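Student: The structure's right below; bear with me while I get my questions together.
Number of protein chains: 2
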Amino acid sequence: MLAENGYSATSLAAIADRLGVSKGVISYHFAGKAEVLNEVVRSVLSEAEAWMSPRVAGAASFTEALRLYIASNLAFLDTHRTEIFALTEVLSNARATPGVAETFSESHQAAIAALEALFTGGRKAGEFGDVAPRASAISLRAAIDAVSGLIREDPAFDLTGFGTDLATLYERASAR
Amino acid sequence: MLAENGYSATSLAAIADRLGVSKGVISYHFAGKAEVLNEVVRSVLSEAEAWMSPRVAGAASFTEALRLYIASNLAFLDTHRTEIFALTEVLSNARATPGVAETFSESHQAAIAALEALFTGGRKAGEFGDVAPRASAISLRAAIDAVSGLIREDPAFDLTGFGTDLATLYERASAR
DNA sequence: CTACTCTTTGGCCATGCGGTCAGAATCCAA
DNA sequence: TTGGATTCTGACCGCATGGCCAAAGAGTAG
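Just so you know, the protein sequences line up as chains A and B, in that order. Here my numbering runs 588 ahead of the position in the first sequence, where the first position is 1. Here my numbering runs 588 ahead of the position in the second sequence, where the first position is 1.
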C-alpha cells in the first residue's frame, strides 16, 4: 500500500480494509501506527542485510569487494522494488513517525562505515591509491540510494549498466 | 515553518497563526495549499539557479567547471539551509501535493543534463578520459543532493572538505 | 464625503484521522 | 462439553485538517 498509494494514503482504516479486517485488529496487535511503520522499516532493512552480506563476503580483493557491493546492492533494489518504495515512503515521512529516523540512521551510518572500511582497507593493502575514504563512502552510498528514485521515475532504467559504470568510476577514482 | 517543524506541522492554520493573520487570507491569495507549497519549491529552485549560474560560468576549463560546480552548489546549500530544509520537506511529501513532483523533476533532469554535458564536453575537448557521462552526472548529483540530509543530521559537517574530496574523486575518475 | 473595490475576519463545514472499547465470536485445553 | 483466554467487530470519540463564506473593515479615486 505504501509503495502503491503513498504514505498519506496508508491510513489504519485503509490497511484494515485491504486486509479484509476491522481497524481494531491492528490496534490489538500493534501499539499504534508508528509501531506498524517501524516494523516495515525494520523488515526491509533486515532483508537487504540478508541479501547483501553473503554476496559481498566472497570477494578475493578490495576491488572485487567494491564491485560486488555495488552490483549486489543494485540487484537487491531491482528485485525488491515494492519493499524499497515502501521503505522510502516511510522514510520520507520519518518526522511523523517516532523511531523510524533513528532505526534508519543507525543502519545508514553502519553502511557508510562499512564502505569507509572497504576504502581504507584497500589503501592499507596497497590496492587503492590515496582516495578519501569517508567522502567516497558517503558519495557512493548516495549514488546507490538515489537509484530507488530513478527506477520509480523510469522503471526501465538500466540498473546493470549503471552499476558497472559506477563501479568503474570508483575504481578509477581509487586507483593507485 | 517547513524547515523547523516539518511538513505535517505546517498546516494552513499554523501558517496563518505565524503570520498573525486569519486563515482565510491564505485562501484569498492562493488557490489552495498546493499552490503555496509549489511556490516554495519554485522560489527555492530559482534562488539556487541564480546563485550557481554566474559562479560556474567563469570557468576556463572543464576541470575547473567541475570544481566550481561542486563548490558553488555546496556553498549554496551551506548558506541557504532553511530554504533547503523547507524544499526537501515539501519534496518528501510530493505525492500529497500535485505539481511539486513535476516542477522538481524538470529542474532535476535539467541539472543532470547540464552535468552530463560537462562530462561529454570534457571528453570531446580531450580534457577527460572515457568517463561514463550519464552515470557520472547522476551519481555526482546524488552525492550533492545527499548533503542536505548530512547537514541536517550534523550541522557541523565539513562541507568544504567534502567538496574538495568530491571534486578530486570525480577529477580522478574522469582523468585521461 | 462618498461610493466602490479590495482585503480581512472569525466562525462554520464535511471529512478523515488515530485510537478506544464493550461485547460478540472463536479457539482450545481440560 | 465446558469455560476461560484470545481475537475480532463495528460503532464511537476527540481532534485537526483544508476549505468556504457572509459580513466587517480598510483603502482609495472622484
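We put the CB at the ideal spot given by N, CA and C, even for glycine. Model, not experiment: these values are computed from the prediction.
Just checking: is the beta-carbon of residue 734(B) within a distance shorter than 8 Å of some beta-carbon in chain A?
Tutor: yes
Student: With 8 Å set as the bound, which would you pick, yes or no: does the beta-carbon of residue 695(A) sit closer than that to a beta-carbon of chain B?
Tutor: no
Student: Establish whether the CB of residue 708(A) and some CB of chain B are separated by less than 8 Å.
Tutor: With 8 Å as the cut-off, residue 708(A) does not count as an interface residue toward chain B.
Student: Heavy atom of the ligand FAD less than 7 Å from the Cβ of residue 763(A), yes or no?
Tutor: With respect to the ligand FAD, the structure offers nothing, as it holds no ligand at all.
Student: DSSP three-state call for residue 717(A): helix, strand or coil?
Tutor: coil
Student: Determine the burial state of residue 642(A): buried for a count of at least 16 other Cβ atoms within 10 Å of its Cβ, exposed for fewer.
Tutor: exposed
Student: Roughly how many whole angstroms lie between the Cα atoms of residue 689(A) and residue 623(A)?
Tutor: 13 Å
Student: Counting only the same chain and skipping the five closest in sequence on each side, list residues whose C-beta sits under 6 Å from that of residue 788(A).
Tutor: Beyond the ends of chain A as shown, which are 589 and 764, falls residue 788(A); an answer cannot be given.
Student: Between which two residues does the alpha helix (DSSP H) carrying residue 642(B) extend?
Tutor: 621 to 645
Student: Identify, in the order they occur along the chain, each residue of the same chain with its Cβ nearer than 7 Å to the Cβ of residue 725(A), setting aside the five sequence neighbours on each side.
Tutor: 700, 703, 704, 707
Student: Within a Cβ cutoff of 6 Å, which residues of the same chain sit near residue 611(A), ignoring the five residues on either side of it in sequence?
Tutor: 600, 601, 604
Student: Could you give the first and the last residue of the continuous alpha helix (DSSP H) run that contains residue 605(A)?
Tutor: For residue 605(A), the enclosing alpha helix (DSSP H) starts and ends at 600 to 607.
Student: Please confirm if the segment 615 to 633 of chain B is in contact with the segment 676 to 685 of chain B, defined as three or more CB-CB distances below 8 Å between the two stretches.
Tutor: Touching, per the Cβ criterion.
Student: Between the beta-carbon of residue 640(A) and the beta-carbon of residue 615(A), is there less than 8 Å?
Tutor: no
Student: Does the beta carbon of residue 757(A) sit closer than 8 Å to a beta carbon anywhere in chain B?
Tutor: yes
Student: Tell me which same chain residues have a C-beta within less than 7 Å of the C-beta of residue 613(B), skipping the five on either side of it?
Tutor: 604
Student: Tell me, please, whether the CB atom of residue 726(B) is closer than 8 Å to any CB atom in chain A?
Tutor: yes
Student: Should residue 681(A) be flagged as near chain B, meaning a C-beta pair shorter than 8 Å?
Tutor: yes
Student: With distance defined between alpha-carbon atoms, name the residue in 732(B), 723(B), 736(B), 749(B) nearest to residue 799(B).
Tutor: With chain B covering 589 to 764 only, the question about residue 799(B) has no answer from this structure.
Student: From residue 557(B) to residue 675(B), what does the alpha carbon distance come to, in whole angstroms?
Tutor: Nothing can be reported for residue 557(B): it is not among the residues displayed for chain B, which extend from 589 to 764.
Student: Can you pull the chain A neighbours of residue 760(B), defined as C-beta to C-beta under 9 Å?
Tutor: 717, 719, 760, 761, 762, 763
Student: Let's see if you can read the secondary structure: which residues bound the alpha helix (DSSP H) around residue 752(B)?
Tutor: 747 to 761
Student: Would you report the Cα separation of residue 671(A) and residue 744(B), rounded to the nearest angstrom?
Tutor: 33 Å
Student: Do residue 678(B) and residue 758(B) have their C-beta atoms closer together than 8 Å?
Tutor: A distance of 8 Å or more separates the beta carbons of residue 678(B) and residue 758(B).
Student: Suppose only complete runs of 4+ residues qualify. What are the alpha helix (DSSP H) ranges in the segment 653 to 735 of chain A, listed by chain order?
Tutor: Scanning the segment 653 to 735 of chain A from its first residue to its last, the whole alpha helix (DSSP H) runs of 4-plus residues come out as 669 to 680, 688 to 712.
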